[in-house]
Amino acid sequence: MAKQQQTGAQQQETSAKKVAKKRVVRVEAIGQAHINATFNNIIISLTNNAGQVISWASAGKMGFRGSKKNTPYAAQLAALDCAKVAHDAGLRKVKVFLKGPGAGRESAVRTLSSSGIEVTEIIDITPVPHNGCRPPKKRRV
């Protein structure tokens, strides 16, 4: 009898865990676009001014695999998908923050501006080392 009660309580807990409350993000007309363009992928996040993500997309999410993820075309499709969701939510103007040396940086910004979201500023926040870490030793083949 006690075992049956425990399993019933466990079932209630698991059903309570499965029902997750969706996070409500406050969407204003002005926000930020964070574009992280690495050598392997490009990730685009559109946020409000508090930093809460309204919509996001990446080249991998759009179905590109391998070296095709780091192409301007993949960045263009990811930016278009991300901008469409955010525009429907009410985002109209963004300040763009670019990070990384990837290939699709400019095409992502161009696609954002052509999709109905006005780009007010473009800021490059690519981290630059000031001779901090010691490089790995040379390979001996």
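Using numbering that gives the first Met the number 0, count along the sequence shown one by one with no gaps and you end on 140.
Even glycine gets a Cβ: it sits at the ideal position worked out from N, Cα and C.
Three-state secondary structure assigned by DSSP to N40: coil
Is it buried or exposed for V108, if we count other Cβ within 10 angstroms and need 16 for buried? buried
Please report the straight-line C-alpha distance between S113 and A82, rounded to a whole angstrom. 10 angstroms
Contact check, F96 vs A28 under 8 angstroms by CB: the rounded distance? Not really, about 18 angstroms apart at Cβ, beyond 8 angstroms.
With a cut-off of 8 angstroms, does the C-beta of I124 fall near any C-beta of chain D? Protein chains in the displayed structure number just one, and chain D is not present.
Give a yes or no on whether the C-beta atoms belonging to T143 and L79 are separated by under 8 angstroms. In the structure as shown, the chain starts at 0 and stops at 140, and residue 143 therefore has no counterpart that could be examined.
Between the CA atoms of N130 and T37 - distance to the nearest angstrom: 21 angstroms
Per DSSP, which residues does V118 bridge with? Please list them. V93
Can you list, in chain order, the residues of its chain whose CB lies under 8 angstroms from that of K67, leaving out five sequence neighbours each side? A58, A73
Can you give me the Cβ contacts of E105 inside the same chain, cut-off strictly under 7 angstroms, excluding the 5 residues immediately before and after it? none
Tell me whether Q75 is buried or exposed, calling it buried when 16 or more other Cβ atoms sit within 10 Å of its Cβ. buried
Per DSSP, cross-strand counterpart(s) of G146: The structure shown does not extend to residue 146, since the chain is modelled only from 0 through 140, so no value can be given for it.
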